[in-house]
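Beneath this line is the structure, given in structure tokens, with notes to follow.
In this note's numbering, the protein residues as written are 3 to 101.
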């Protein structure tokens, strides 16, 4: 069993649900896979079913904006690491703009 992901964003989990929904995976199997990766308390099977229904209706996942990314980075304890991550994020954003 792979180690569980402790630090995650809600939009990340919803994107995983959207991906599994697009693959045609059943909600109960999607819930099992999500619990295996993110841990037992990540989301109930009812919420997974709700998000899969929303995906069928083409409801979109909110974008992970620069502000959200920086807020997530600030939770990292090591300040040097978070500064490097912010620089990397800015660099990736610039590369994306010029592609």
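For glycine and all other residues, C-beta sits at the position ideal for the given N, C-alpha and C.
Keep in mind that this is a model prediction, so the values were computed, not measured.
Give me, in chain order, the residues of the same chain whose beta-carbon lies closer than 8 Å to that of residue 19; leave out the 5 immediate sequence neighbours on both sides.
Counting from one through the chain shown, the residue named residue 19 turns up at place 17. Cβ within range, chain order: 32, 36, 50, 53, 54 and 57.
Return the first residue and the last residue of the alpha helix (DSSP H) that residue 27 is part of.
Mapped onto the chain shown, residue 27 falls at position 25. Careful: residue 27 lies outside any alpha helix (DSSP H) and carries neither H nor E.
From which residue to which residue does the alpha helix (DSSP H) around residue 48 run?
Walking along the chain shown from the start, residue 48 turns up at place 46. 47-58 is the extent of the alpha helix (DSSP H) around residue 48.
Under 8 Å Cβ to Cβ from residue 24, same chain only, skipping five residues before and after it: list those, please.
In the chain shown, counting from the first residue as 1, residue 24 sits at position 22. If we look at residue 24 and ignore the five residues flanking it on each side, its Cβ neighbours are 57.
Kindly indicate which three-state DSSP category residue 108 falls into: helix, strand or coil?
Nothing in the structure corresponds to residue 108, since the chain is present only between 3 and 101.
Just the Cα atoms here: how many angstroms apart are residue 40 and residue 12?
As a working note, residue 40 is residue 38 in the chain shown. As a working note, residue 12 is residue 10 in the chain shown. Those two C-alpha atoms are separated by around 11 Å.
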